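Okay, so here's the structure we're looking at.
Written out as structure tokens, the structure is:
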């Protein structure tokens with residue numbers, strides 16, 4: 171889903187793609203999880219609320 175998009179997605183788009191629904195509580199909970207993945211280096215946040223995968227090639231070169 172995120173890999174197929176080719177660009178960043180909003181947490182609501184990710185929630186809907188995962189079949190979680192679009193209720194405010196679900197989206198906010200998912201947004202918190204996505205932010206934790208950003209802090210761990212698994213995702214990047216291109217702009218506020220837009221999440222994308224970290225480029226694996228660049229993370230290998232940096233590390």
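Numbering (our numbering), first residue to last: 171 to 233.
By construction, the Cβ of each residue, glycine as well, lies at the ideal position given by its N, Cα and C atoms.
Remember, it's a predicted structure, so these values are computed and weren't measured experimentally.
Q: Could you tell me the distance, in whole angstroms, from the CA atom of residue 179 to the CA atom of residue 219?
A: 8 Å
Using CA atoms only, rank isn't needed, just tell me which of 216, 202 and 182 is closest to residue 193. 182
Practice task
Could you tell me which residues DSSP puts in a beta bridge with residue 214?
Solution key: According to DSSP, residue 214 bridges with 222.
- Collapsed DSSP secondary structure at residue 186 in the structure displayed: helix
Give me the DSSP bridge partner(s) of residue 179. DSSP lists 221 as partners of residue 179.
Are residue 208 and residue 201 close, meaning C-beta to C-beta below 8 Å?
No, these two residues do not count as a Cβ contact at 8 Å.
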